[in-house]
Ligand SMILES: Cc1cc2nc3c(=O)[nH]c(=O)nc-3n(C[C@H](O)[C@H](O)[C@H](O)COP(=O)(O)O)c2cc1C
């Protein structure tokens, strides 16, 4: 699993000075989307998207998000070598899981496939694989609409080779990677970059960031998503929205997305208003919370954002469950749905009881039992046995 390391503790919201006073509802009502985004990626029609989230953002999470109004998703970072090896041999030791990066069909569109690696040639070969996959899918209505290069992941390099955010210490190498990927991708396919705001706060690293950031646009990248924490910060401490604001002020002619400290729908509009970015990447704020996308659309329409009712929570959990079993198979779905149940529980009036109940489940049938115990009997009855029968599988243990 990838980019979060073991210390991905949620920081307290670190808003920039003055951002707290912004009237998010009024800003959302009057908001006008940057028209270039929809021209670059057809169908990307809201100023926010679901970030790559290793270990979570598989096709099931993406499709549930889209059904709630998410206009665009990015897969988790997949190592170029994993892609080239067809997922074999690297699954445990390395980053990204191949099955989480498989596009989920027409409903999982538009989608960016994110890649990360150490070698420009391998990165280019990985891009060609993604393009081949598109040719087998119903592209352009399914498959990858864009390729996102990860220059952000803080997980340490192996065998002294840079990758992810560590490239920010070697700007010329990072630019080689960017050039190789852009040249390997067909012109009609957008290429984008995910970057940290710097490797650390030294003047040398701040200059490196600017060098790579500017080079990306010069090479033809459509936009950069800037996670406004340094690589050294990992996920701890505030995302520096003031740095984002300054970047936008200096490079306002470009499409820039912002990332970091988006915990609820108000943060989406607060970041847009405060920093002036064209769009916002929603990450930890949407795990177990697909309603953030519905709420964002409500606010854009001048309406008050509504919380999910228990029936809506049940429906979302059931949908997530069904898609997860269908795409992941029962064993992996067991593991995934336990995690998601725990995250969804925060919306329930008895959240602590529900959370504990999801923690304790050991099979998909027990998971279903928690749903029936806490979320009423409403909703379409979905039998695990039925899904299992269709797939010809057997019950599996959650601890697998
Ligand atoms: C569990 C987890 C996995 C992540 N995986 C990825 C990834 O694969 N690719 C990526 O670009 N960012 C990844 N990120 C970073 C997020 O996309 C985002 O930039 C970061 O969490 C900051 O936003 P937030 O503070 O609103 O969560 C991950 C973050 C977390 C917490």
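Residue numbers (my numbering): 18 to 417.
Ideal Cβ placement from N, Cα and C applies to all residues, glycine included.
Just curious, the alpha helix (DSSP H) that residue 342 is in, first and last residue? 327–361
Would you mind stating whether residue 58 and residue 163 have Cβ atoms separated by less than 8 Å? yes
Just mark residue 299 as buried or exposed, buried being the case when its beta carbon has 16 or more other beta carbons within 10 Å. buried
Is it buried or exposed, residue 171, if we count other Cβ atoms within 10 angstroms and call 16 or more buried? buried
Report whether the distance from the Cβ of residue 211 to the nearest heavy atom of ligand 1 is below 7 Å. yes
Below 8 Å, can you find three or more Cβ-Cβ pairs linking the region 145–163 to the region 354–373? no
Here's the rule I'm using: 16 or more other beta-carbon atoms within 10 Å means buried, otherwise exposed. How should residue 188 be labelled? buried
Check residue 50 in the structure and name its three-state DSSP category. coil
On the three-state DSSP scale, how would you describe residue 387? helix
Output the distance between the C-alpha atoms of residue 203 and residue 382, rounded to the nearest integer angstrom. 46 Å
Can you give the Cα-Cα distance for residue 111 and residue 97, rounded to whole angstroms? Reliability of the predicted coordinates at residue 111 is poor, the pLDDT of 40 falling under 50, and no value is obtained from them.
List in chain order: all unbroken alpha helix (DSSP H) runs of 4+ residues lying wholly within the region 182–262. 188–201, 220–235
So, are the CB atoms of residue 4 and residue 199 less than 8 Å apart? The chain is shown only over 18 to 417; residue 4 falls outside these bounds and no answer can be derived.
C-alpha distance - residue 322 paired with residue 264, whole-angstrom precision: 30 Å
Apart from the five residues on each side of it in sequence, which residues of its chain come closer than 6 Å, Cβ to Cβ, to residue 228? 188
Count the other C-beta atoms from every protein chain shown that fall within 10 angstroms of the C-beta of residue 301, then say buried if there are 16 or more, exposed otherwise. buried
Buried or exposed: where does residue 92 fall if 16 or more other Cβ atoms within 10 Å of its Cβ makes it buried? buried
Give me the residue from 325, 143, 77 with the minimum Cα distance to residue 419. Because the chain in this structure spans residues 18 to 417, residue 419 falls outside the shown range and cannot be described.
Helix or strand or just coil, what does DSSP make of residue 109? Because the pLDDT at residue 109 is just 35, under 50, the model does not fix this residue reliably, and the point stays unresolved.
So, is residue 306 buried or exposed, given that buried needs 16 or more other C-beta atoms within 10 angstroms? buried
Reducing DSSP to helix, strand and coil, say where residue 165 ends up. strand
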